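**Student:**
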Amino acid sequence: MAAAKVTGLAVAAESAVFRGNQELTRLARSGQLAAARRLFDEMPRRNTVSYNAMLSALARHGRLADARRLFDDMPRRNTVSWNAMISACSDHGRVADARKLFDAMPARDNFSWTLMVSCYTRAGELTLAREAFDLIPGEKCTACYNAMISGYAKNGRFDDAVTLLQDMPAPDIVSWNSVLVGLTRDGKMVRAVQFFDEMTQRDTVSWNLMLEGYVRTGDLDAASGLFKSIPSPNVISWVTLLNGYCRAGRIGEARELFDRMPERNVASWNVMLGGYVRLSHMEEAYKLFKEMPDKNSISWTTMISALVRAGKLQEAQDMLNKMPFDSFAAKTALMHGYLQSKMVDEARHIFDGLEVRDAVCWNTMISGYVHCGMLDEAMMLFQQMPNKDMVSWNTMIAGYAHDGQMRKAVSIFRKMNQRNAVSWNSVISGFIQNGLCVEALQHFVLMRRDAKMADWSTYACCLSACANLAALQVGRQFHTLLVRSGYIGDSFSGNALISAYAKCGRILEARQVFDEMVSQDIVSWNALIDGYASNGHGSDAISVFREMEANNVRPDEVTFVGILSACSRAGLIDEGLDFFNSMTKDYSLQPVAEHYACMVDLLGRSGRLREAFELIQGMQIQPNAGVWGAMLGACQVHKNKELAQVAAKKLIELEPHKTSNYVLLSNISTEAGRWDEAEKMRVLIKERGVRKPPGLAGST
DNA sequence: TATGCGTAGT
Numbered sequence: 004m005a006a007a008k009v010t011g012l013a014v015a016a017e018s019a020v021f022r023g024n025q026e027l028t029r030l031a032r033s034g035q036l037a038a039a040r041r042l043f044d045e046m047p048r049r050n051t052v053s054y055n056a057m058l059s060a061l062a063r064h065g066r067l068a069d070a071r072r073l074f075d076d077m078p079r080r081n082t083v084s085w086n087a088m089i090s091a092c093s094d095h096g097r098v099a100d101a102r103k104l105f106d107a108m109p110a111r112d113n114f115s116w117t118l119m120v121s122c123y124t125r126a127g128e129l130t131l132a133r134e135a136f137d138l139i140p141g142e143k144c145t146a147c148y149n150a151m152i153s154g155y156a157k158n159g160r161f162d163d164a165v166t167l168l169q170d171m172p173a174p175d176i177v178s179w180n181s182v183l184v185g186l187t188r189d190g191k192m193v194r195a196v197q198f199f200d201e202m203t204q205r206d207t208v209s210w211n212l213m214l215e216g217y218v219r220t221g222d223l224d225a226a227s228g229l230f231k232s233i234p235s236p237n238v239i240s241w242v243t244l245l246n247g248y249c250r251a252g253r254i255g256e257a258r259e260l261f262d263r264m265p266e267r268n269v270a271s272w273n274v275m276l277g278g279y280v281r282l283s284h285m286e287e288a289y290k291l292f293k294e295m296p297d298k299n300s301i302s303w304t305t306m307i308s309a310l311v312r313a314g315k316l317q318e319a320q321d322m323l324n325k326m327p328f329d330s331f332a333a334k335t336a337l338m339h340g341y342l343q344s345k346m347v348d349e350a351r352h353i354f355d356g357l358e359v360r361d362a363v364c365w366n367t368m369i370s371g372y373v374h375c376g377m378l379d380e381a382m383m384l385f386q387q388m389p390n391k392d393m394v395s396w397n398t399m400i401a402g403y404a405h406d407g408q409m410r411k412a413v414s415i416f417r418k419m420n421q422r423n424a425v426s427w428n429s430v431i432s433g434f435i436q437n438g439l440c441v442e443a444l445q446h447f448v449l450m451r452r453d454a455k456m457a458d459w460s461t462y463a464c465c466l467s468a469c470a471n472l473a474a475l476q477v478g479r480q481f482h483t484l485l486v487r488s489g490y491i492g493d494s495f496s497g498n499a500l501i502s503a504y505a506k507c508g509r510i511l512e513a514r515q516v517f518d519e520m521v522s523q524d525i526v527s528w529n530a531l532i533d534g535y536a537s538n539g540h541g542s543d544a545i546s547v548f549r550e551m552e553a554n555n556v557r558p559d560e561v562t563f564v565g566i567l568s569a570c571s572r573a574g575l576i577d578e579g580l581d582f583f584n585s586m587t588k589d590y591s592l593q594p595v596a597e598h599y600a601c602m603v604d605l606l607g608r609s610g611r612l613r614e615a616f617e618l619i620q621g622m623q624i625q626p627n628a629g630v631w632g633a634m635l636g637a638c639q640v641h642k643n644k645e646l647a648q649v650a651a652k653k654l655i656e657l658e659p660h661k662t663s664n665y666v667l668l669s670n671i672s673t674e675a676g677r678w679d680e681a682e683k684m685r686v687l688i689k690e691r692g693v694r695k696p697p698g699l700a701g702s703t
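In the numbering used here, each number is its position in the first sequence, counted from 1, plus 3.
1) Helix, strand or coil for S283? Go by DSSP, reduced to three states.
2) Just the C-alpha distance for Q317 and L605, rounded to the nearest angstrom, thanks.
3) Leaving out five residues before and five after A633 in sequence, what residues of the same chain have Cβ atoms less than 7 Å from its Cβ?
4) According to DSSP, simplified to helix, strand and coil, what is H95?
5) Are M450 and A443 touching if we call contact CB-CB under 8 Å?
6) Could you tell me if N390 is buried or exposed, where buried requires 16 or more neighbouring beta carbons within 10 angstroms of its beta carbon?
7) Any chance the segment 108-128 sits against the segment 141-153, with 3 or more Cβ pairs inside 8 Å?
8) Does DSSP put N81 in a helix, in a strand, or in coil?
9) Would you report the Cα separation of K695 and V373, rounded to the nearest angstrom?
10) For a quick check, are the C-beta atoms of S181 and S153 less than 8 Å apart?
11) Hey, out of Q169, S178 and P174, whose CA is closest to K157's CA?
12) What would DSSP say about L575, mapped onto helix, strand or coil?
13) State the CB to CB distance for the pair C440 and N471, rounded to an integer number of angstroms; the pair is presumed to be in contact (CB under 8 Å).
14) With burial defined as no fewer than 16 other Cβ atoms inside 10 Å of the residue's Cβ, what is the status of T483: buried or exposed?
15) Give me the Cβ distance between I532 and A569, rounded to the nearest whole Å; I'm assuming they're in contact under 8 Å.
16) Under 8 Å: do the segment 338-355 and the segment 51-67 share three or more Cβ pairs, one atom per stretch?
17) Report yes if the C-beta distance between T207 and P236 is below 8 Å; otherwise report no.
18) Which residues mark the beginning and the end of the alpha helix (DSSP H) in which R267 is found?
19) Whole-angstrom Cβ separation of Y279 and I254, contact assumed at under 8 Å?
20) Grab the span of the alpha helix (DSSP H) containing H482 for me, first residue to last.
21) At the level of alpha carbons, what is the spacing between A38 and E17?
22) Expressed to the nearest angstrom, what Euclidean distance is found between the alpha-carbon atoms of N2 and R557?
23) For R219 and G185, which I take to be in contact (beta-carbon distance under 8 Å), what is that distance rounded to the nearest angstrom?
24) Kindly give me the distance between the Cβ atoms of I239 and N273, rounded to whole angstroms, as I take these residues to be in contact under 8 Å.
25) List the endpoints of the continuous alpha helix (DSSP H) containing S669.
26) Of all the options A596, K642, G636 and Q639, which has the alpha carbon lying nearest to the alpha carbon of Q2?
27) Going by beta carbon distance, what residues of the same chain come within less than 6 Å of R71, once the five residues before and after it are set aside?
28) To the nearest angstrom, how far is it from the Cα of A544 to the Cα of V311?
29) Where does K290 sit, in a helix, a strand or coil, going by DSSP?
30) DSSP three-state call for K345: helix, strand or coil?
31) Just tell me which of L384, H446, E674 and K506 has its CA closest to the CA of W427.
32) What residue does the alpha helix (DSSP H) around D321 start on, and which one ends it?
33) Give a yes or no on contact between the segment 58-74 and the segment 90-105, applying the rule of three or more CB pairs nearer than 8 Å.
34) Assuming L58 contacts L42 under a Cβ cut-off of 8 Å, what Cβ separation, rounded to an integer in Å, is found between them?
35) Assuming N149 is part of the alpha helix (DSSP H), what are its boundary residues?
36) Between the Cα of Q593 and those of A573, R611, I566 and E560, spot the shortest distance and give me the residue it belongs to.
Below, the structure is given as structure tokens:
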């Protein structure tokens, strides 16, 4: 009797633990980490399952260190505990830690091996993954095969994925889909269609993958055609197509589809919301957000980042305070907003307050410092960052390059273990920005030799290097590469080609590229106008401008810089004055310093120095060195020593470190017979020293 | 543990 009572109590206690564990898992899965932790701490009895559940919950919420502490403190560990800890390390990219655990565990099951394989493939370590896969003792399970296949496919090794699929004794639907995903993720739809046709089994996931591939490549007609033939579309099929329409900006069709959906989940609402947000349709976005039956942290983050993008930082902050989730994505979005507005302290406050930070948080803060010109702070944070990813390194490279510190940019670039196309492109375009075009092209050669990852943007960058060097033949080679890579109609590379040919003096070829482009944007028109201008074809530049007007393309500030300098070089004074007036009157564009510099040049060249000087004095904005430089140039040509001295003094005020200004003023003073002034200048040069020119010499 | 949807960073 007593024994039965004890047994009964034990059973009751066991089932209480069982129920507790179920609740724990439920809380963790629904994102309520705090509640889960409270429940765990208050549980009167816990078993290994409770610990394992808490461990996974912590890991899922990014608290790897807390998970590890719990793992170390567990009274008993089973294989599931070890596997959970390995999985946590794998999720956070801690390959070495995962491996250490794997080696230390007392017994391994299929689960452990599969985890280790996928941990390696996620880190791009396919050789190590395959070694682990081959070492699996006994019969390999389907999941092991699938992990390896998926690893190959997601790393672009389609052939290896297929080979393994064929070697498999009994591939299941996941095996087939894992291969397919490799093709659709890369947008290789021709091969994807071929493979899809060969598949002996298909499920809705297979169809959805194809759908996603078409959406990814922007082929919405193919996507909607395919959608209609899906035997049993599920909510993900609908969401995928909806996302396609939203991303293409076809918001009307998207909404129609959304309204027709037989079943909606949070993702459907989030996609629709994102569609409105992307097009800045804030009213509709607000309305939809209010109507949403369920909102998760992604819904809130989308809305907050919309407010951030609209520059409504206070509203975004208010919304963040109201948000019932603790989402570091939302906080990162607001941080980004503050940084774009150069409110560094507010951003840093959020950053410091984050309990969990992922790579994106760190990178946002680092790139924010870079954006605000605070390179030292960026570097400090970069050095503190625990798991730097490719973006972190690339951000620092671009940051130093943009700041003219190429030596530091290159040194970071060289320290990288792995580089992607962005790394190479950053260092190449950095050289170009700093006028080191030969070095840029040398790095292109290294890139092709080491990594063969040049893309259209590499070619476009190198083209502008050729343009700056007026290296026509090399430029033509890049033109060929662009044609071969299929990006020729694209406006970015097209524009680079126009500038390149124009700068090499081949204005007819520039015009030909312009005419062959699928669509010309404002940059294309500006490049062409600038091309004619710099080649001394002032009246042709004006005709292009008229052509642009006739095509209803609205000129911008850059257009006017081109057209004014065209007038100036061609001596078309009256036309220049007309354009300058038309700029504000007809296009409501406020002239900036560059426009004034062109005008000063224009007037100055024809000897109208007084008018030029009056124009400067009447400027609404502060004249910069370019303006005074133009004035000085004109004064020297027309030998006006009095105005030349004024201009040179202003230049020295604006650029106290530039030696050439002092030399100029000193010469002018000497010529004017003002020996005292000339001597003063020579002393000043010595006192203030010489600033190193930008580029490689600019770093310390 | 292996396949498919939505947010934040170069």
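No residue lacks a Cβ here, since even glycine has one placed at the ideal position from N, Cα and C.
Small disclaimer: the values here were computed from a predicted structure and weren't measured.
**Tutor:** Reading from the atomic positions:
1) Coil, per DSSP.
2) Q317 and L605 have their alpha carbons spaced roughly 46 Å apart.
3) Around A633: A600, V603, D604 and G607.
4) Of the three classes helix, strand and coil, the one that applies to H95 here is coil, per DSSP.
5) At the C-beta level, M450 and A443 stay beyond 8 Å of one another.
6) Burial call: exposed.
7) Here the segment 108-128 makes contact with the segment 141-153; the two share three or more CB pairs at distances below 8 Å.
8) Coil.
9) Because K695 carries a pLDDT of 41, less than 50, the predicted location of this residue cannot be relied on, and no value is offered for it.
10) The Cβ-Cβ distance between S181 and S153 falls below 8 Å.
11) Comparing Cα positions, the closest option is S178.
12) Coil, per DSSP.
13) Between N471 and C440 the Cβ distance is about 5 Å, and since that is below 8 Å, they are a contact.
14) Result: exposed.
15) The Cβ separation is near 7 Å, so the contact holds.
16) No, the segment 338-355 is not in contact with the segment 51-67.
17) The Cβ atoms of T207 and P236 sit closer than 8 Å to each other.
18) Counted as a single uninterrupted DSSP element, the stretch harbouring R267 is not any alpha helix (DSSP H), since DSSP gives it neither H nor E.
19) About 7 Å; that satisfies the 8 Å criterion.
20) H482 -> alpha helix (DSSP H) spans L475 to R487.
21) Using only the alpha carbons, I get a separation of about 22 Å.
22) Residue coverage of the chain in this structure runs from 4 to 703, which leaves residue 2 outside it and unanswerable.
23) Rounded, the Cβ-Cβ distance is 13 Å, inconsistent with contact.
24) Beta-carbon to beta-carbon, I239 and N273 are separated by about 13 Å, too far to satisfy the 8 Å threshold.
25) Per DSSP, S669 belongs to the alpha helix (DSSP H) from T662 to E674.
26) This structure leaves residue 2 out entirely; the chain is present only between 4 and 703.
27) Correct list: empty, nothing qualifies.
28) Rounded to the nearest angstrom, the two C-alpha atoms are 40 Å apart.
29) Assignment of K290 by DSSP, reduced to helix, strand and coil, places it in the helix class.
30) For K345, the three-state secondary structure derived from DSSP is coil.
31) It is H446.
32) Boundaries of the alpha helix (DSSP H) around D321: L316 to K325.
33) Of all C-beta pairs linking the segment 58-74 to the segment 90-105, three or more are shorter than 8 Å, placing the two stretches in contact.
34) For a cut-off of 8 Å, the C-beta gap from L58 to L42 is around 14 Å, too long to register as a contact.
35) Note, N149: alpha helix (DSSP H), T145 to K157.
36) The option with the nearest alpha carbon to Q593 is E560.
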